[in-house]
Amino acid sequence: MEELDLIVESVQHDMEAAVKHLDHAFQRIRAGRASTNMVQDVMVEYYGAMTPINQVANVSIPDAMTISIQPWDVKAINDIEKAIINSNLGFAPSNNGINIILNVPPLTEERRRDLAKQAKSETEDTKVVVRNARQNGLKELKKLDGVSEDLIKGIEADIQVLTDKYVKICDEHFKTKEAEIMKV
Numbered sequence: 001m002e003e004l005d006l007i008v009e010s011v012q013h014d015m016e017a018a019v020k021h022l023d024h025a026f027q028r029i030r031a032g033r034a035s036t037n038m039v040q041d042v043m044v045e046y047y048g049a050m051t052p053i054n055q056v057a058n059v060s061i062p063d064a065m066t067i068s069i070q071p072w073d074v075k076a077i078n079d080i081e082k083a084i085i086n087s088n089l090g091f092a093p094s095n096n097g098i099n100i101i102l103n104v105p106p107l108t109e110e111r112r113r114d115l116a117k118q119a120k121s122e123t124e125d126t127k128v129v130v131r132n133a134r135q136n137g138l139k140e141l142k143k144l145d146g147v148s149e150d151l152i153k154g155i156e157a158d159i160q161v162l163t164d165k166y167v168k169i170c171d172e173h174f175k176t177k178e179a180e181i182m183k184v
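Under the UniProt record's numbering, the first residue of the sequence shown is numbered 1, with each subsequent residue one higher.
Here it is, written out as structure tokens:
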């Protein structure tokens with residue numbers, strides 16, 4: 001019985017991790033307003049080591065359409081600028097010697113649709129991960145010996161309920177993100 005509980009817990013943990021990954025992916029998809037999350041994955045070569053931008057600079061949002069990046073070490077400003085350009089975020093950084101300013105252009109209708117498609121793609125990928133977690137759980141159940149068929153059928157039903165729950169959560173997160181993206 002303990003093995004069955006571990007299998008269900010493992011499946012649920014994998015599904016929760018998939019939804020967390022989806023939330024993280026959604027943070028990188030901009031919705032018209034500037035956000036520090038837009039640059040959080042930028043890695044800067046700082047004294048020979050790849051370092052996250054938030055560990056070499058203060059990233060702030062002075063207004064809804066601007067990201068300000070102020071390095072703690074002024075010598076790193078060119079490395080930060082190069083990292084932003086190489087990250088393919090679509091921003092043209094302007095450097096005034098003290099900090100870097102990123103102007104976030106307003107989204108066009110076409111760009112909003114593209115971002116909504118990107119969010120939909122991330123959602124579908126996450127649903128695949130959730131379903132794969134279900135499949136892995138079912139495979140683990142089949143490997144067990146000495147467990148009654150009725151008990152296994154019950155656990156399979158529990159795993160299916162979890163799968164349906166997490167697929168629904170993915171859909172809800174997508175609807176929220178899509179509304180955020182399409183809002184003018």
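Where a beta carbon is used, it is the ideal one built from N, C-alpha and C, also for glycine.
Run through the DSSP bridge pairs and tell me what residue i is partnered with.
| i | result |
| --- | --- |
| Q70 | N58 |
| L102 | I67 |
| N95 | I100 |
Quick check on this structure: which residue in the options has the alpha carbon closest to the alpha carbon of residue i?
| i | options | result |
| --- | --- | --- |
| I100 | E2, V74, K153 | V74 |
| H24 | A179, H173, K183 | H173 |
| A83 | M65, A64, T108, V56 | V56 |
| S168 | R131, L6, D79 | Correcting the residue identity first, residue 168 is Lys in this sequence and not Ser. When each option's Cα is compared against that of K168, the closest is R131. |
| L89 | I80, V42, L144 | V42 |
| G137 | A116, D114, T163 | T163 |
| D114 | C170, S94, G32, E16 | G32 |
| residue 208 | R111, A133, N96 | Within the shown structure, residues of the chain are numbered from 1 to 184, placing residue 208 beyond reach of any answer. |
| E45 | E109, S148, N86 | N86 |
| T108 | E2, I7, V147, I181 | I181 |
| I77 | P62, T66, I53, I61 | I53 |
| G97 | R112, R111, D79, S148 | D79 |
| Y166 | S148, G146, V129, F26 | V129 |
| A34 | F91, W72, H21, G48 | F91 |
| W72 | M65, T66, V59 | V59 |
| K183 | G146, R112, E140 | R112 |
| P106 | T126, Q70, A64, E149 | A64 |
| T126 | Q70, T51, L22 | L22 |
Quick one: measure Cβ to Cβ for residue i and residue j, integer angstroms, because I've assumed they're closer than 8 Å.
| i | j | result |
| --- | --- | --- |
| L4 | I155 | 5 Å |
| K177 | I29 | 7 Å |
| V8 | C170 | Incorrect: roughly 19 Å between the Cβ atoms, too far for contact. |
| P62 | E81 | No, P62 and E81 are not in contact; Cβ-Cβ is about 18 Å, not under 8 Å. |
Note down, one range per segment and in chain order, each beta strand (DSSP E) of at least 3 residues found wholly within the region 22 to 56. 43 to 46, 49 to 52
Counting pairs of Cβ atoms below 8 Å between the region 28 to 41 and the region 86 to 105, do you hit three or more? yes
Using 8 Å as the cut-off, can you tell me whether the region 5 to 17 makes contact with the region 110 to 121, which would need three or more C-beta pairs spanning the two stretches below that distance? no
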